[in-house]
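Structure record follows, encoded as structure tokens.
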Amino acid sequence: MELKVTQTDITDSQHLPTSNILKTIRIVCAFVLAGFSLYTAFFGIMSDMIQRSVHLGLILIIVYLGALVPSSLGQINNRFLRFASVLMAIIGFATMFYQIWFFDEIASRYGELTQLEFFIGVAAVIVLLEATRRSIGWPIVILAVLFLLYAYFGNLLPGIAGHRGYNSERIISQLYLGGGGIFGTPLGVSSTFVILIVLFGAVLETSGAGKVLMDIATSLTGRSRGGPAKAAVVGSSLMGMVSGTAVANVLTTGAISIPLMKRTGYRPEVAGAIEAVASTGGQLMPPVMGAAAFLMADLTGISYFEIARAAIIPALLYYVVLFSVVHLEAVKHGIALLKLDELPSLSHTLKTGSHLLLSLPVFVYMLFSGFSVMYASFWAFVSAILLSYVRRSTWLTPRKLYQTILNGVEAVIPVATACACAGIIIGIITLTGLGLKFSSLVISLSDGNLFLALVLTMIASLILGMGLPTAAAYILVATLAAPALEQLGVNQLAAHLFVFYSAMLSSITPPVALAAYAAAGLAQANPFRIALVACQFGIAAFIVPYFFAYNPALLAVDTTPGLVIVAAITTVIGGICLAIAIQGWCLYKINIFERLAFAVVVWLLLDTSITTDLLGMTLLVVLAAYHFYMRSRQTIQPSQ
18 MELKVTQTDI
28 TDSQHLPTSN
38 ILKTIRIVCA
48 FVLAGFSLYT
58 AFFGIMSDMI
68 QRSVHLGLIL
78 IIVYLGALVP
88 SSLGQINNRF
98 LRFASVLMAI
108 IGFATMFYQI
118 WFFDEIASRY
128 GELTQLEFFI
138 GVAAVIVLLE
148 ATRRSIGWPI
158 VILAVLFLLY
168 AYFGNLLPGI
178 AGHRGYNSER
188 IISQLYLGGG
198 GIFGTPLGVS
208 STFVILIVLF
218 GAVLETSGAG
228 KVLMDIATSL
238 TGRSRGGPAK
248 AAVVGSSLMG
258 MVSGTAVANV
268 LTTGAISIPL
278 MKRTGYRPEV
288 AGAIEAVAST
298 GGQLMPPVMG
308 AAAFLMADLT
318 GISYFEIARA
328 AIIPALLYYV
338 VLFSVVHLEA
348 VKHGIALLKL
358 DELPSLSHTL
368 KTGSHLLLSL
378 PVFVYMLFSG
388 FSVMYASFWA
398 FVSAILLSYV
408 RRSTWLTPRK
418 LYQTILNGVE
428 AVIPVATACA
438 CAGIIIGIIT
448 LTGLGLKFSS
458 LVISLSDGNL
468 FLALVLTMIA
478 SLILGMGLPT
488 AAAYILVATL
498 AAPALEQLGV
508 NQLAAHLFVF
518 YSAMLSSITP
528 PVALAAYAAA
538 GLAQANPFRI
548 ALVACQFGIA
558 AFIVPYFFAY
568 NPALLAVDTT
578 PGLVIVAAIT
588 TVIGGICLAI
598 AIQGWCLYKI
608 NIFERLAFAV
618 VVWLLLDTSI
628 TTDLLGMTLL
638 VVLAAYHFYM
648 RSRQTIQPSQ
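Residues in the sequence shown are numbered from 18 upward in steps of one, following this note's numbering.
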């Protein structure tokens, strides 16, 4: 192949020292950011504005000076673009540093904006929007711009959609000064909880804990039909708790599970879909639940322990359905069993790698002992590093630690920029009263009908969550959509879990399905087809929120321990029936009427009423007897 040298290549080679300087600066910023976060986790966070300004200022420098990890954000090679990016980095950091340097003076004015601060605030908004575009794309940027236009021109809109109107100074004051805009709760969560959990997850990944989890899952499930897919379900559910986002989870566990699934006979789009759904659901899994539980605790005032407890049954149902769907998919299509030499040894895996997982119980123990999330994350991070030195083969060498910090900070970038951008949207919502108007609109359109209101809220949450990391998506929909459900009488925790599930599912819902796109690269399949299959396999997550919105007993709220146990048992049985209805396969291929009958059983069992549970179990016994009778009359061969 002929190698062509372009003028750009020559120019770039002439400016190589400049590139090295920029690379050094962004790496230093990454280590300063990680060190600052760990320092404040141990000694206590600084005031909100200082903590958040340092966090976002360093993130902006890293985004504009290029990628920490090659080919992730793209290196800056064009001379003009490099100059423009350096200028934007300087402006971005200066707008954040201004908040730190003049912190006392700004606080004493209670939000009063000077003429200089107006221009600084405008620059901060522009720099942030462009940084967000570079790190996660256009969707949330377009949404933020629409909200900015609404704040300025909303007085021209008729009826409930309009407001009294705000000038540029008032809008910038809302967004740049105080904690109601860019520096609001979303960025606060990113600068405290999220970055530490992601750094912890990066240590687990680099040390090999993710592979240990997958090897354990594969050794436990590999001897059954569809073993690699079941391993993906189990491994992703565990790793997803601390990986930060569904995309990160797909890229971590999917690199192992997807090729293995394809090798045993799964179609590429099915293998990608299974991994996307399993990775997305990891954020539902107690006891850690990624950053979601901590976000919810901060926004609702409900303790982390209560949220984790409430998520147990819904998470159980999610994975029971997915596990059952995977099994039936394997039976239906005659997926081959793994060969014995492809199965990792459970005893060997536990002997050589189980020590890497001990930092997880350290984290959970400290949380349940009453320590703060940041303090627990700090010691989990430290213990994960120290535990790697138990065996020579798992040592985190200086080079590995160096790369771990870079990988962790790189994973935080899209979350941080999305959270800061979400702060713009939430600032406008607060300024204009749009949240109350949205609630009134949902109630008005649904005419007070709870089911219709839930459907409208889920649709709005799926749309608002498109293209966003789950943490930022949840904050956005919790501000807009959850209050409407609470006004209609839905329990506060149930309302927030409902919108969280809905926003989370945007990761697998077309057209912008981030988890599906991540899986598509590994599966070498069409991302849209992966998203469609993922929606089918993950249908439990679309259905279950309606049940616990109507009856929070599924969340172990306002009920007795006995009823919680009954709900858990009927949930498992209902989940298996739902998988049968989805796949159209039980002991053999079933017809549409039988699928509908199983769907009715699901509806009855998930209602949590004793009467409906008895009716559901009776119908299930009848269906089971019928299927065994039909099976005895004919020999059913699985379709190839």
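Ideal placement from N, C-alpha and C gives every residue a C-beta, glycine not left out.
Range of the contiguous alpha helix (DSSP H) that encloses residue i
i, result
"residue 556", "556-567"
"residue 63", "Unbroken run through residue 63: none, as it is neither H nor E."
"residue 333", "329-349"
"residue 164", "156-170"
"residue 215", "212-224"
"residue 417", "415-449"
"residue 266", "263-280"
"residue 368", "363-370"
"residue 509", "509-521"
"residue 396", "390-404"
"residue 504", "499-504"
"residue 479", "467-481"
"residue 109", "96-118"
"residue 628", "627-650"
"residue 140", "132-153"
"residue 250", "244-256"
"residue 187", "185-193"
Burial state of residue i, where buried means 16 or more other Cβ atoms lie within 10 Å
i, result
"residue 356", "exposed"
"residue 229", "buried"
"residue 642", "exposed"
"residue 649", "exposed"
"residue 429", "buried"
"residue 30", "Low per-residue confidence applies at residue 30: pLDDT is 41, beneath 50, and the placement is therefore not dependable enough to give any value."
"residue 27", "Note that residue 27 scores a pLDDT of 37, beneath 50, so its modelled location is shaky; the value from the coordinates is reported in the next line. Under this definition residue 27 is an exposed residue."
"residue 122", "exposed"
"residue 297", "buried"
"residue 518", "buried"
"residue 303", "buried"
"residue 170", "exposed"
"residue 546", "buried"
Between the CA atoms of residue j and residue i - distance to the nearest angstrom
i, j, result
"residue 234", "residue 312", "29 Å"
"residue 111", "residue 192", "16 Å"
"residue 624", "residue 639", "20 Å"
"residue 504", "residue 456", "8 Å"
"residue 336", "residue 201", "34 Å"
"residue 572", "residue 324", "9 Å"
"residue 37", "residue 100", "14 Å"
"residue 481", "residue 474", "10 Å"
"residue 389", "residue 569", "27 Å"
"residue 177", "residue 471", "21 Å"
"residue 208", "residue 318", "19 Å"
"residue 576", "residue 329", "15 Å"
"residue 321", "residue 314", "6 Å"
"residue 600", "residue 351", "14 Å"
"residue 464", "residue 506", "14 Å"
"residue 620", "residue 467", "17 Å"
"residue 291", "residue 594", "19 Å"
"residue 118", "residue 69", "13 Å"
"residue 268", "residue 252", "13 Å"
"residue 175", "residue 349", "56 Å"
"residue 345", "residue 606", "10 Å"
"residue 405", "residue 56", "22 Å"
Sub-8 Å separation of residue i and residue j beta-carbons
i, j, result
"residue 247", "residue 343", "yes"
"residue 488", "residue 499", "no"
"residue 341", "residue 140", "no"
"residue 486", "residue 548", "no"
"residue 533", "residue 557", "no"
"residue 706", "residue 226", "Examination of residue 706 is not possible in this model, given that the chain is present from 18 through 657 alone."
"residue 288", "residue 278", "yes"
"residue 144", "residue 105", "yes"
"residue 385", "residue 397", "no"
"residue 421", "residue 180", "no"
"residue 138", "residue 189", "yes"
"residue 250", "residue 525", "no"
"residue 591", "residue 622", "yes"
"residue 160", "residue 73", "no"
Bridge partners - residue i, DSSP secondary structure assignment
i, result
"residue 659", "This structure cannot settle anything about residue 659, because the visible part of the chain is limited to 18 through 657."
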